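Peer 1:
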Amino acid sequence: MLEVFHNLPDSLVGMEDCASARCWARELTKLGHGDRLMQPSCVKGYVKRGKTDKADAESICGAVSWLSMHFDPVKAEERRDLLMGHKAREFLVRQRTLTVNAIRADPGL
Numbered sequence: 000m001l002e003v004f005h006n007l008p009d010s011l012v013g014m015e016d017c018a019s020a021r022c023w024a025r026e027l028t029k030l031g032h033g034d035r036l037m038q039p040s041c042v043k044g045y046v047k048r049g050k051t052d053k054a055d056a057e058s059i060c061g062a063v064s065w066l067s068m069h070f071d072p073v074k075a076e077e078r079r080d081l082l083m084g085h086k087a088r089e090f091l092v093r094q095r096t097l098t099v100n101a102i103r104a105d106p107g108l
């Protein structure tokens, strides 16, 4: 797929935001293309009929051209790794708090 984009002139690529879209956006940016990631719930409003690839493509094209559309930024890998550390710490703190509260709530201890 990257070979196709490598042969194209620089262009704007719109995608629904999902787990793999951010990786694709980073790769396309390296090739010189612009990227626009949109929440699927925002794109859904542009779908005229059932969920098909053609309908999705038309709705994404419409959403990219909308001036008031909110686009999600693509984080650099270093920033993403830093944020993952913060999220892991928040998760551990939450788990510790739940455990301490469960122990305190047990009247038999």
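Under numbering that gives the first Met the number 0, the residues of the sequence shown are numbered 0 to 108, in order. Cβ coordinates follow ideal geometry from the N, Cα and C atoms, glycine included. As the structure is a prediction and not an experimental result, all values here were calculated from the model.
Helix, strand or coil for L27 per DSSP?
Peer 2: Translated into the one-based positions of the sequence shown, residue 27 becomes position 28. The answer is helix: DSSP assigns L27 an H, G or I state.
Peer 1: Could you say which of L1, T28, C41 and K74 lies nearest to S58 if we only look at CA atoms?
Peer 2: Against the sequence shown, residue 58 aligns to sequence position 59. S58 has its Cα closest to that of C41, out of L1, T28, C41 and K74.
Peer 1: Of the choices R78, K50, L81 and K43, whose alpha-carbon is the least far from that of V63?
Peer 2: Along the sequence shown, one-based indexing puts residue 63 at 64. Measuring from the Cα of V63, the nearest candidate turns out to be K43.
Peer 1: Rounded to the nearest angstrom, what separates P39 and K29 at their Cα positions?
Peer 2: Stepping through the sequence shown from its first residue, residue 39 is reached at position 40. Stepping through the sequence shown from its first residue, residue 29 is reached at position 30. For P39 and K29, the distance between alpha carbons rounds to 24 Å.
Peer 1: Considering G61, what are the terminal residues of the alpha helix (DSSP H) in which it resides?
Peer 2: In the sequence shown, residue 61 corresponds to position 62, counting from 1. First-last of the alpha helix (DSSP H) with G61: D52 to S64.
Peer 1: Count the other CB atoms within 10 Å of the CB of M37; is the residue buried (16 or more) or exposed (fewer)?
Peer 2: For the purposes of this step, residue 37 is taken as the residue at position 38 of the sequence shown. Under this definition M37 is a buried residue.
Peer 1: Assuming R25 and V73 are in contact, meaning their beta carbons sit under 8 Å apart, how far apart are those beta carbons, in whole angstroms?
Peer 2: Stepping through the sequence shown from its first residue, residue 25 is reached at position 26. Stepping through the sequence shown from its first residue, residue 73 is reached at position 74. Contact flag correct, Cβ pair sits at about 6 Å.
Peer 1: According to DSSP, simplified to helix, strand and coil, what is G33?
Peer 2: Locating residue 33 in the sequence shown gives position 34, where the first residue counts as 1. DSSP places G33 in strand when its eight states are reduced to three.
Peer 1: Is H32 near V12, with beta carbons less than 8 Å apart?
Peer 2: Translated into positions along the sequence shown, residue 32 becomes position 33. Translated into positions along the sequence shown, residue 12 becomes position 13. Yes; because the gap between Cβ atoms is below 8 Å, this pair is in contact.
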